[in-house]
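Below: the structure, in structure tokens.
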């Protein structure tokens, strides 16, 4: 299965080696996180070509802070090392599939150009 535990040690490697990286930020005490877990795993099975990672926010505080996660559950999606989606809360199966499919439809050249323009304005 393409489901990995995300840590501060493997984050950069996963990010650079994954066309799509989907991260489920969770904690053991979070009821909504436990409800979302089977949904996340089922969608991961439907997209074996992408990397799905689980970030235990309680154990991986440094990675959690680096990503700017303030609430759990939070879903984050990177494509080509660029964060395209970050949303706290629970998604159902079709919602999560939709996020992944939308990410594949994004024109990444356009995104990179937009980022460059933003950086030039700073």
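Residue numbers (the numbering used here): 1152 to 1273.
The beta carbon of each residue, even a glycine, is placed where N, CA and C say it ideally should be.
Note the first and the last residue of the continuous alpha helix (DSSP H) segment covering residue i.
i	result
residue 1215	1212–1218
residue 1184	1182–1197
residue 1254	1244–1256
residue 1167	1162–1168
Hey, residue i and residue j are a contact pair by Cβ (cut 8 Å); roughly how many whole angstroms apart?
i	j	result
residue 1172	residue 1202	5 Å
Are the CB atoms of residue j and residue i within a distance shorter than 7 Å?
i	j	result
residue 1233	residue 1176	no
residue 1206	residue 1157	yes
residue 1227	residue 1204	no
residue 1230	residue 1254	yes
residue 1248	residue 1190	no
residue 1183	residue 1241	yes
residue 1200	residue 1159	no
Just the C-alpha distance for residue i and residue j, rounded to the nearest angstrom, thanks.
i	j	result
residue 1250	residue 1244	10 Å
residue 1260	residue 1225	26 Å
residue 1239	residue 1258	24 Å
residue 1167	residue 1161	10 Å
Return the first residue and the last residue of the beta strand (DSSP E) that residue i is part of.
i	result
residue 1260	No beta strand (DSSP E) contains residue 1260, which is instead part of the alpha helix (DSSP H) from 1259–1272.
residue 1227	1225–1230
residue 1238	1233–1239
Since residue i sits in a beta bridge, which residues does DSSP pair it with?
i	result
residue 1204	1155, 1174
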